[in-house]
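Chains as they are written, first to last, in our numbering: chain A, 14 to 131; chain B, 131 to 369. Note that beta-carbon positions come from the ideal geometry of N, C-alpha and C, so glycine has one too. Treat the numbers as computed from the prediction; the structure is a model and nothing was measured.
Below, the structure written as structure tokens:
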């Protein structure tokens, strides 16, 4: 058994399940957003704020951002452990990426949650 | 007679500063096919310093795994006619991703270390072993087909990018094919322990199923399928 502290899941199978589950959420969110932009007569500030004012949309968006956080964490860990062989550099890069992912999540929360319809 | 152009990877660490490709021209009978190993033996007559491994010369021992015109295989059972672009030039290199000891001979220590990790032997904690032997039904025995035939030639693992990048952590297709061979053996009782040893981010899950291993296996085996089965066993246990 290879021990690795820097990935997200507790085990290889946990990582595997998280990657697929988060991929489903991201795919659904992408399909939803693309169909919104395609089907809308005109995308305006009002139509977007009304969309994001809905509680379901706020939760869906935060769910998608959480999925991006987890998916990105595991995915970047996999790519970095493949291609970056210097341990110090790899740890630094993963630190930067994971901090960025957490910042995206926090900013997403602060931006999306207070939205009220017009 | 016809002339064959052959380019061979050469490296002798005692003499050479760096590896290089050496070109040879060799005359062979026209319209006559031969195995790559026969060609190497002819080259060795021309240049006795050329080093390579070979033993059984019939695809059983797995000693002469090489990269021939970009594809891994056993030199003794690969005809020149099967090489892609072989009519123009034949390029022979050692198995990729492995440390080179000399010329076409690679160091397989890491490959064997990964094989050792999967405990490639039957483990049975039966307190009262049968007097004569552990019998299997025909169905139980059939599950081992397509797995036990592996000869550990390393063609698959050395064609796998995941093994190139993490040869110390990822078991590799050959080791995992053998791991599955013991996981589904009805006489083995250590299934849980074996799965515990494999359930990390590297050992099994670094396989992304690109199937290079299936493409090159000289015995026609399917390590990707075996790895998929191990993943299923791990996931069924986890959920």
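In three-state terms, what does DSSP make of residue i?
| i | result |
| --- | --- |
| residue 132 of chain B | strand |
| residue 137 of chain B | strand |
| residue 209 of chain B | strand |
| residue 33 of chain A | helix |
| residue 158 of chain B | strand |
| residue 38 of chain A | helix |
| residue 355 of chain B | helix |
| residue 249 of chain B | coil |
| residue 232 of chain B | strand |
| residue 69 of chain A | helix |
| residue 204 of chain B | strand |
| residue 334 of chain B | coil |
| residue 46 of chain A | helix |
| residue 164 of chain B | coil |
| residue 198 of chain B | strand |
| residue 153 of chain B | strand |
| residue 367 of chain B | helix |
| residue 92 of chain A | helix |
| residue 222 of chain B | strand |
| residue 349 of chain B | coil |
| residue 303 of chain B | helix |
| residue 286 of chain B | coil |
| residue 75 of chain A | helix |
| residue 26 of chain A | helix |
| residue 258 of chain B | coil |
| residue 344 of chain B | helix |
Within 10 angstroms of the Cβ of residue i, are there 16 or more other Cβ atoms? Answer buried if so, exposed if not.
| i | result |
| --- | --- |
| residue 309 of chain B | buried |
| residue 259 of chain B | exposed |
| residue 209 of chain B | exposed |
| residue 52 of chain A | exposed |
| residue 112 of chain A | exposed |
| residue 126 of chain A | exposed |
| residue 68 of chain A | exposed |
| residue 290 of chain B | buried |
| residue 233 of chain B | buried |
| residue 102 of chain A | exposed |
| residue 161 of chain B | exposed |
| residue 115 of chain A | exposed |
| residue 84 of chain A | buried |
| residue 361 of chain B | buried |
| residue 132 of chain B | exposed |
| residue 35 of chain A | buried |
| residue 248 of chain B | buried |
| residue 136 of chain B | buried |
| residue 298 of chain B | exposed |
| residue 245 of chain B | buried |
| residue 300 of chain B | buried |
| residue 364 of chain B | buried |
| residue 339 of chain B | exposed |
Relative to the C-alpha of residue i, which residue among the options is closest?
| i | options | result |
| --- | --- | --- |
| residue 239 of chain B | B/353, B/288, B/136 | B/288 |
| residue 235 of chain B | B/245, B/224, B/332 | B/224 |
| residue 89 of chain A | B/331, B/350, B/353, B/358 | B/331 |
| residue 213 of chain B | B/247, B/163, B/191 | B/163 |
| residue 323 of chain B | B/167, B/336, B/252 | B/252 |
| residue 153 of chain B | B/222, B/302, B/241 | B/222 |
| residue 279 of chain B | B/192, B/369, B/179, B/175 | B/192 |
| residue 128 of chain A | A/66, A/56, A/121, A/120 | A/66 |
| residue 172 of chain B | B/188, B/155, B/198 | B/155 |
| residue 296 of chain B | B/335, B/272, B/134, B/151 | B/335 |
| residue 293 of chain B | B/256, B/349, B/264, B/228 | B/228 |
| residue 254 of chain B | B/175, B/263, B/319, B/269 | B/319 |
| residue 273 of chain B | B/265, B/242, B/263, B/311 | B/311 |
| residue 138 of chain B | B/217, B/174, B/211 | B/174 |
| residue 357 of chain B | B/341, B/346, B/177 | B/341 |
| residue 60 of chain A | A/32, A/120, A/46 | A/46 |
| residue 346 of chain B | B/231, B/180, B/203, B/339 | B/203 |
| residue 15 of chain A | B/343, B/349, B/333 | B/333 |
| residue 118 of chain A | A/100, A/104, A/72 | A/72 |
| residue 348 of chain B | B/237, B/263, B/194 | B/194 |
Quick test of your reading: residue i and residue j, contact by CB under 8 Å. State the CB separation rounded to the nearest angstrom.
| i | j | result |
| --- | --- | --- |
| residue 19 of chain A | residue 329 of chain B | About 17 Å; that fails the 8 Å criterion. |
| residue 81 of chain A | residue 28 of chain A | Contact doesn't hold; Cβ gap of about 16 Å is too wide. |
| residue 207 of chain B | residue 134 of chain B | With 8 Å as the limit, residue 207 of chain B and residue 134 of chain B do not qualify as a contact, their Cβ atoms being about 19 Å apart. |
| residue 158 of chain B | residue 205 of chain B | Their Cβ separation, rounded to whole angstroms, is 16 Å, which puts residue 158 of chain B and residue 205 of chain B out of contact at 8 Å. |
| residue 178 of chain B | residue 197 of chain B | Between residue 197 of chain B and residue 178 of chain B the Cβ distance is about 23 Å, and since that is not below 8 Å, they are no contact. |
| residue 150 of chain B | residue 230 of chain B | That pair is no contact at about 12 Å. |
| residue 170 of chain B | residue 182 of chain B | 6 Å |
Item checked: At least three beta-carbon pairs within less than 8 Å, the stretch 282-299 of chain B to the stretch 314-326 of chain B -> no
Item checked: Stretch-stretch touch, CB-based, cutoff 8 Å, three pairs: the stretch 68-78 of chain A with the stretch 25-43 of chain A -> yes
Note to self: I want to know whether the stretch 295-305 of chain B touches the stretch 347-367 of chain B - three or more CB-CB distances under 8 Å.
What the structure shows: yes
Notebook entry, point to check: Can we say the stretch 139-158 of chain B touches the stretch 90-106 of chain A, given the rule of at least three CB pairs closer than 8 Å?
Noted result: no
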